[in-house]
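Colleague: Residue numbers (this note's numbering): 10 to 284.
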């Protein structure tokens with residue numbers, strides 16, 4: 010069993026190694042991580058990433074991880090089966106399959122390394138999003154009741170959204186397809202690489218800002234991790250540039266308290282169904 014902590018996130022991704030089957034772990038998906046019709050995709054990716062971290066040993070951190078969501082997960086027992094494909098000096102690559110009652114929910118391919126050993130030269134033209142201070146942003150307590158009813162996981166977050174990107178909450182979406190804000194866990198747990206996998210899928214779908222509210226099921230989510238995040242707030246931005254054929258892409262950037270771009274992601278999701 011992983012070390013018990015008081016954080017709901019650590020409890021949410023906790024794993025028990027199976028005593029007889031190599032590479033197998035048992036998990037319990039909590040109802041507090043639901044969004045729409047299933048358990049949040051970022052939380053599921055963190056569960057699978059955690060299993061691979063345990064398998065890879067000296068390569069504990071996901072560096073690049075992609076998950077394909079095959080069916081909606083529900084609260085309750087789950088099984089993660091892993092396979093190590095390659096163990097190298099700097100990276101190890103493996104796969105993970107998360108299932109419930111024999112039905113596969115998520116298939117993951119990931120490369121893990123040691124982000125603590127990856128501190129080196131940085132060349133980037135990226136700049137962090139300009140946000141008002143957290144106390145001048147819009148907290149979850151001001152979210153529409155309909156949103157909270159669809160997303161129990163928001164109660165686990167201290168999420169402060171940029172007022173410039175929450176017109177949709179007042180029935181006035183900007184149409185720009187961007188939502189951004191500050192993120193940390195409500196219970197005070199500091200960020201680490203596994204938490205970044207959750208954060209990449211933590212904000213409301215950008216389709217809200219296109220005037221299309223509702224659950225947007227993830228088809229595929231890829232996260233690239235660049236560094237271990239510093240303690241404190243994370244700045245998160247989600248945006249889309251293309252919606253077509255019933256699908257849209259959502260690009261995310263996650264910046265830490267030290268002003269570093271610690272993770273980037275892209276997901277393909279289905280457009281919410283019209284009510």
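Cβ coordinates follow ideal geometry from the N, Cα and C atoms, glycine included. The structure displayed is predicted, hence computed values, not measured ones.
Between which residues of its own chain and residue 128 is the CB-CB distance below 8 Å, once the five residues before and five after are set aside?
Modeller: Answer for residue 128: 236, listed in chain order.
Colleague: Looking at C-alpha atoms only, which residue of 159, 39, 73, 91 is the closest neighbour of residue 64?
Modeller: Among 159, 39, 73, 91, the Cα nearest to that of residue 64 is on 91.
Colleague: Between residue 30 and residue 79, is the Cβ-Cβ spacing less than 8 Å?
Modeller: Not a contact, by the Cβ cut-off of 8 Å.
Colleague: Run through DSSP, which three-state label would residue 56 get?
Modeller: Residue 56 falls in the helix class under three-state DSSP.
Colleague: Is residue 249 helix, strand or coil when you go by DSSP?
Modeller: In this structure, residue 249 counts as coil in the three-state DSSP scheme.
Colleague: Nearest to residue 76 by CA position, among 94, 116, 39, is which residue?
Modeller: Cα-wise, what sits closest to residue 76 is 116.
Colleague: Distance, Cα to Cα, residue 264 vs residue 33?
Modeller: The alpha-carbon atoms of residue 264 and residue 33 are separated by roughly 33 Å.
Colleague: Below 8 Å on the Cβ atoms is my guess for residue 119 versus residue 71; work out the distance and round it to an integer in Å.
Modeller: Between residue 71 and residue 119 the Cβ distance is about 5 Å, and since that is below 8 Å, they are a contact.
Colleague: Compare the Cα-Cα distances from residue 254 to each of 272, 262, 281, 245 and report the closest residue.
Modeller: Of the candidates 272, 262, 281, 245, the one whose C-alpha sits nearest the C-alpha of residue 254 is 281.
Colleague: For residue 216 and residue 28, I'd like the C-alpha separation in whole angstroms.
Modeller: Taking the straight line joining both Cα atoms gives about 44 Å.
Colleague: Distance check for residue 19 and residue 59, CA to CA, integer angstroms please.
Modeller: Taking the straight line from one Cα to the other gives about 10 Å.
Colleague: Given residue 57, which residues of its chain have a CB within under 7 Å of its CB, disregarding the five upstream and five downstream residues?
Modeller: Around residue 57: 76, 89, 105, 107, 115, 117.
Colleague: Among 190, 187, 234, which residue has its Cα nearest to the Cα of residue 201?
Modeller: If we check each option's Cα against that of residue 201, 234 comes out closest.
Colleague: Quick one: what does DSSP say residue 71 is sitting in, helix, strand or coil?
Modeller: Here residue 71 sits in strand by DSSP.
Colleague: Taking buried to mean at least 16 other C-beta atoms within 10 Å of its own C-beta, is residue 12 buried or exposed?
Modeller: In this prediction, residue 12 has a pLDDT of 42, which is less than 50 and means its spatial position is unreliable; what the coordinates show is noted afterwards. Flag for residue 12 reads exposed.
Colleague: Does the structure place the stretch 42-50 close enough to the stretch 93-101 that three or more beta carbon pairs sit under 8 Å?
Modeller: Segments in contact, no.
Colleague: Just mark residue 25 as buried or exposed, buried being the case when its beta carbon has 16 or more other beta carbons within 10 Å.
Modeller: Classification of residue 25: exposed, given that the 10 Å Cβ count is below 16.
Colleague: Note down, in chain order, each residue of its chain lying with its Cβ closer than 7 Å to the Cβ of residue 248, except the 5 sequence neighbours on either side.
Modeller: Closer than 7 Å at Cβ, skipping near neighbours: 186, 187, 215, 260.
Colleague: How is the alpha helix (DSSP H) around residue 21 delimited, first residue to last?
Modeller: Taken as a continuous stretch (DSSP letters only), the alpha helix (DSSP H) holding residue 21 covers 17-21.
Colleague: Can you tell me whether DSSP reads residue 233 as helix, strand or coil?
Modeller: Strand.
Colleague: Rounded to whole angstroms, what's the CA-CA distance from residue 221 to residue 146? Just pull it up for me.
Modeller: Roughly 22 Å between the two C-alpha positions.
Colleague: Rounded to whole angstroms, how far is the Cβ of residue 210 from the Cβ of residue 47, which I believe are closer than 8 Å?
Modeller: Incorrect: roughly 12 Å between the Cβ atoms, too far for contact.
Colleague: Ends of the alpha helix (DSSP H) at residue 163?
Modeller: Where residue 163 is concerned, there is no enclosing alpha helix (DSSP H), given that its DSSP letter is neither H nor E.
Colleague: Since I believe residue 278 is in contact with residue 246 (beta carbons under 8 Å), could you give me their beta-carbon distance rounded to a whole number of angstroms?
Modeller: Wrong, their Cβ atoms sit about 16 Å apart, outside the cutoff.
Colleague: With residue 244 and residue 170 assumed to form a contact (beta carbons below 8 Å), what rounded beta-carbon distance in angstroms separates them?
Modeller: Between residue 170 and residue 244 the Cβ distance is about 12 Å, and since that is not below 8 Å, they are no contact.
Colleague: CA-CA distance, residue 15 and residue 204?
Modeller: Cα to Cα, the separation comes out at about 15 Å.
Colleague: Compare the C-alpha of residue 160 against each of 133, 148, 212, 190 and name the closest.
Modeller: Among 133, 148, 212, 190, the Cα nearest to that of residue 160 belongs to 212.
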